[in-house]
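Q:
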Amino acid sequence: MSLAFLFPGQGSQALGMGQNLAEAFAAAREVFQEVDDALNQKLFKLMKDGPEDQLTLTENAQPALMAVSVAVMRTLEKEFGVRIEKAAFVAGHSLGEYSALAAAGAISLPDTARLLKLRGQAMQRAVPVGEGAMASLIGPKADVALAEAAAEAGSSVGVCVVANDNNAGNVVISGDKAAVNAAIEKAKELGARAILLNVSAPFHCPLMQPAADEMAEALAAATIGGPRAALVANITAQPTSDPETIRRLLVEQVTGRVRWRESMLWMAETGGVARFAEAGAGKVLSGMAKRIAPGAEATPLNGPGDLEAFAKSL
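Number 396 marks the last residue of the sequence shown (the numbering used here); no jumps.
Structure representation (structure tokens):
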């Protein structure tokens, strides 16, 4: 049975995440300390104690979520002998792609933490607060075709594109606030429900180009090696282990669409994956996996008991 590790994106953060791992495992504590040292910040204390509005800031949420994911994977390896090579593939949702690459040894943990801190800051700088928006189109009719039609209607007002193809019934659009509002009206006409997302910037759309330029410069200077398990990339929904391809796709990912549904389908149908394990905070991706590939098993790995049970099941 082929296995893939999944790594969650922004929105999965919650106060207290990672605390149970740190209390139970030295390997997890080491990861959180390493990230704190790399950022010269008491990020783990913020994750434990808040305030929540500070943790939710993009520049904090991104490295924090990565730290929890890597703590899970480091603990699996050091405490339970489960190496990432057990998996045929790794994949991460948006910032989770960095978590996947750190866990797979392609980028060092300190470098990943610093890159994500910069990524969060650059995304926030790219568009003034209040000028952009994102909305989730949901319901039985909410597929990519409907979302693209809605985004096209919004484009008459400003920038509006499909940002995240999560799964059938959950597609996210992003762009100028007025354009997204116009797209929401069109989506409702077409039979979908729409919910404005509580985000600080319009991610994965052309308005993020200044952030993509900043990340291109930072990634050009970063050391990237071949991952120990192939990365199924957000932008292509195809596997790659080539460091230069990974570098380019991480830049394109800032403005490009997260093709999560296609990535999951590729792993389940072409890659032969029958089991997905979500390493990190929450269980959003496990829920998506069950909707996209109902024949596959999906397991969230959050706490010590999850890790022990998972290791025993292999």
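Yeah, the Cβ is synthetic: ideal placement off N, Cα and C, and Gly gets one too.
Could you compute how far the alpha carbon of residue 298 sits from the alpha carbon of residue 338?
A: The sequence position of residue 298 within the sequence shown is 216, counting from 1. The sequence position of residue 338 within the sequence shown is 256, counting from 1. C-alpha separation (whole angstroms): 14 Å.
Q: Going by alpha carbons, who is nearest to residue 424 out of 364, 343 and 377?
A: In the structure displayed, the chain extends from 83 to 396; residue 424 sits before or after that span and is not available.
Q: Quick check on the DSSP output: the alpha helix (DSSP H) that includes residue 207 runs from which residue to which?
A: Counting from one through the sequence shown, the residue named residue 207 turns up at place 125. Residue 207 -> alpha helix (DSSP H) spans 191–208.
Q: To the nearest angstrom, how far is the alpha carbon of residue 111 from that of residue 153?
A: Along the sequence shown, read from residue 1 onward, the residue named residue 111 stands at position 29. Along the sequence shown, read from residue 1 onward, the residue named residue 153 stands at position 71. For residue 111 and residue 153, the distance between alpha carbons rounds to 8 Å.
Q: Helix, strand or coil for residue 322, going by three-state DSSP, please let me know.
A: To locate residue 322, count along the sequence shown from 1; it is residue 240. In this structure, residue 322 counts as strand in the three-state DSSP scheme.
Q: Is it true that the CB of residue 137 sits closer than 7 Å to the CB of residue 128?
A: By 1-based counting over the sequence shown, the position of residue 128 is 46. By 1-based counting over the sequence shown, the position of residue 137 is 55. Against a cut-off of 7 Å, the Cβ pair of residue 137 and residue 128 comes out as a contact.
Q: Between residue 252 and residue 363, what straight-line distance do the alpha-carbon atoms span, to the nearest angstrom?
A: In the sequence shown, residue 252 corresponds to position 170, counting from 1. In the sequence shown, residue 363 corresponds to position 281, counting from 1. Rounded to whole angstroms, residue 252 to residue 363 spans 20 Å at the Cα level.
Q: Look up residue 119 in the DSSP assignment and give the residues it is bridged to.
A: As a first step, residue 119 must be located in the sequence shown, where it is residue number 37. The partner list for residue 119 (beta bridge, DSSP) is empty, contrary to what the question assumes.
Q: Does the Cβ of residue 210 have 16 or more other Cβ atoms within 10 Å, making it buried, or fewer, making it exposed?
A: Looking up residue 210 in the sequence shown gives position 128. Exposed is the call here.
Q: Keeping to the same chain, check which residues put their C-beta closer than 6 Å to that of residue 172; ignore five residues upstream and five downstream.
A: As a working mapping, residue 172 is identified with position 90 in the sequence shown. Taken in chain order, the residues that qualify are 87, 182, 186, 311 and 313.
Q: Spatial neighbours of residue 97 within its chain, please: CB distance less than 8 Å, with the 5 preceding and 5 following residues excluded, ordered by chain position.
A: For the purposes of this step, residue 97 is identified with residue 15 of the sequence shown, where counting begins at 1. 129, 130, 131, 132, 134 and 137, listed in sequence order.
Q: Under 7 Å between the Cβ atoms of residue 190 and residue 89?
A: For the purposes of this step, residue 190 is taken as residue 108 along the sequence shown, with counting starting at 1. For the purposes of this step, residue 89 is taken as residue 7 along the sequence shown, with counting starting at 1. Taking 7 Å as the Cβ cut-off, residue 190 and residue 89 do not qualify as a contacting pair.
Q: If you compare alpha carbons, which of 388, 350 and 162 is closest to residue 374?
A: Along the sequence shown, one-based indexing puts residue 374 at 292. Residue 374 has its Cα closest to that of 350, out of 388, 350 and 162.
Q: Among 324, 174 and 319, which residue has its Cα nearest to the Cα of residue 306?
A: Your numbering for residue 306 matches position 224 in the sequence shown. The residue with the shortest Cα to Cα distance from residue 306 is 324.
Q: Would residue 194 and residue 389 be called neighbours here (beta carbons separated by less than 7 Å)?
A: The residue given as residue 194 occupies position 112 in the sequence shown. The residue given as residue 389 occupies position 307 in the sequence shown. Not closer than 7 Å, so no.
Q: Just checking my contact of residue 446 with residue 359 at CB under 8 Å: how many whole Å lie between their CB atoms?
A: Outside the displayed range of the chain (83 to 396) lies residue 446, so it cannot be described from this structure.
Q: How is residue 107 classed by DSSP in three states: helix, strand or coil?
A: By 1-based counting over the sequence shown, the position of residue 107 is 25. Reduced to three states, the DSSP call for residue 107 is coil.
Q: Exposed or buried, what is residue 197 when buried is set at 16 or more other beta-carbons lying within 10 Å of its beta-carbon?
A: Position 115 of the sequence shown, counting from 1, holds the residue named residue 197. Under this definition residue 197 is a buried residue.
Q: For residue 228, tell me which candidate among 391, 396 and 275 has the shortest Cα-Cα distance.
A: Position 146 of the sequence shown, counted from the start, is the residue given in the question as residue 228. Nearest of 391, 396 and 275 to residue 228, Cα basis: 275.
Q: Identify every run of the beta strand (DSSP E) within the region 264–347, keeping only runs that are complete inside it and at least 3 residues long; order them along the chain.
A: Runs of the beta strand (DSSP E) inside the region 264–347: 275–278 and 312–314.
Q: Would you mind listing the alpha helix (DSSP H) stretches within the region 127–169 that are 4+ residues and don't spill past its ends, in chain order?
A: The region 127–169 contains these whole alpha helix (DSSP H) runs: 134–138 and 140–162.
Q: With distances taken Cα to Cα, identify the nearest neighbour of residue 301 among 329, 278, 281 and 320.
A: To locate residue 301, count along the sequence shown from 1; it is residue 219. Considering only alpha carbons, the answer is 329.
Q: Does the distance from the CB of residue 202 to the CB of residue 141 come in under 7 Å?
A: Working through the sequence shown from its first residue, we reach residue 202 at position 120. Working through the sequence shown from its first residue, we reach residue 141 at position 59. Yes.
Q: Quick check on the burial criterion: 16 or more other C-beta atoms within 10 angstroms. Buried or exposed for residue 352?
A: Position 270 of the sequence shown, counting from 1, holds the residue named residue 352. That one is exposed.
Q: Flag this pair as yes or no: are the beta carbons of residue 263 and residue 254 separated by less than 7 Å?
A: Within the sequence shown, residue 263 is the residue found at index 181, counting from 1. Within the sequence shown, residue 254 is the residue found at index 172, counting from 1. No; because the gap between Cβ atoms is not below 7 Å, this pair is not in contact.
Q: Judging by CA-CA distance, which residue of 220, 319, 366 and 281 is the nearest neighbour of residue 214?
A: Numbered from its first residue, the sequence shown carries residue 214 at position 132. Of 220, 319, 366 and 281, the residue nearest in Cα terms is 281.
Q: Taking its Cβ as the centre, do 16 or more other Cβ atoms sit within 10 Å of residue 199, making it buried, or is it exposed?
A: What you label residue 199 is simply residue 117 of the sequence shown in a count that begins at 1. Residue 199 is buried by the Cβ-count criterion.
Q: Tell me, to the nearest whole angstrom, how far the beta carbon of residue 168 is from that of residue 85; I am working on the premise that it is less than 8 Å.
A: Translated into positions along the sequence shown, residue 168 becomes position 86. Translated into positions along the sequence shown, residue 85 becomes position 3. The Cβ separation is near 6 Å, so the contact holds.
Q: Hey, how far is the Cα of residue 296 from the Cα of residue 395?
A: In the sequence shown, counting from the first residue as 1, residue 296 sits at position 214. In the sequence shown, counting from the first residue as 1, residue 395 sits at position 313. Computed Cα separation, rounded: 43 Å.
Q: Comparing alpha-carbon positions, which option in 216, 115, 217 and 294 lies nearest residue 205?
A: As a position in the sequence shown, residue 205 is number 123, starting the count at 1. Nearest option by C-alpha distance: 294.
Q: Measure the alpha-carbon distance for residue 174 versus residue 270 and round it to whole angstroms.
A: Within the sequence shown, residue 174 is the residue found at index 92, counting from 1. Within the sequence shown, residue 270 is the residue found at index 188, counting from 1. So the alpha carbons of these two residues sit roughly 30 Å apart.
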